[in-house]
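Visitor:
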Amino acid sequence: MSMASKSNITISPKIWGPPLWDILHYITFVYEPKNSVHVNRLFTYHLPNLMPCRTCRENYKKHIVKYPIRLESSESLSKWLVRIHNETNKRLNKKQVKYIDVKRKYLARGSKERVNRNFFKWAQIVREYVVHGSPRIQRSYSILMNYIVTKV
17 MSMASKSNIT ISPKIWGPPL WDILHYITFV YEPKNSVHVN RLFTYHLPNL
67 MPCRTCRENY KKHIVKYPIR LESSESLSKW LVRIHNETNK RLNKKQVKYI
117 DVKRKYLARG SKERVNRNFF KWAQIVREYV VHGSPRIQRS YSILMNYIVT
167 KV
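Okay, here's the thing in structure tokens:
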């Protein structure tokens, strides 16, 4: 059974995308290689389940096949995510982000607090999608929540 058959809820990526990108970029900057197995699974399996937009899920999966995840260091992971983010921005005709600008943003004082606010904002936005979603969506949500609470 597909995810869509359990949850027909679609939410505009303009609403959930920015807070999710904020969370993901922050995760890459606090990443430690000892967590590589968990982070790999989070980005390659669980993250697509949490995108309440079929096109977004499909495009993300294509991007991570074209550009496999880089888990050697926080820097390699964060540069990888900038590349994925730029692939998305290219498709949407949006401005490309530069790694140095992303690095400044996420290493700046107050970034953790901003990301925490965006995490709760994102969780509220996708709540109905998760509640009415498949067990796979709900499990992925729980895993992301647990990762954020324990690692970030």
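Following my numbering, the numbering of the sequence shown begins with 17 at its first residue and continues without gaps. Glycine included, C-beta positions come from ideal geometry on N, C-alpha and C.
#1: Once the 5 residues before and after H62 are set aside, which same chain residues still bring their CB inside 7 Å of it?
#2: Can you give me the C-alpha to C-alpha distance between N24 and S150, rounded to a whole angstrom?
#3: On the criterion of 16 or more Cβ atoms from any shown chain inside 10 Å, does A20 qualify as buried, or is it exposed?
#4: For V53, count the other beta carbons within 10 Å of its own beta carbon; 16 or more makes it buried, fewer makes it exposed. Which is it?
#5: Helix, strand or coil: how does DSSP classify H148 here?
#6: How big is the Cα-Cα spacing for C72 and N105?
#7: If you compare alpha carbons, which of D117, Y122, A139, E144 is closest to N162?
#8: So, with DSSP's three-state summary, where would you put S127?
Guide: With the structure as the only source:
#1: S156, I159, L160
#2: 10 Å
#3: The predicted position of A20 is uncertain, since its pLDDT is 44 and thus under 50; a value taken from the coordinates is nonetheless stated next. Around the beta carbon of A20, a 10 Å sphere encloses fewer than 16 other beta carbons of the protein chains shown; the residue is thus reported as exposed.
#4: exposed
#5: In the structure shown, H148 adopts coil according to DSSP, grouped into three states.
#6: About 12 Å.
#7: Selection D117, Y122, A139, E144 evaluated against N162 yields A139 as nearest (Cα-Cα).
#8: Of the three classes helix, strand and coil, the one that applies to S127 here is helix, per DSSP.
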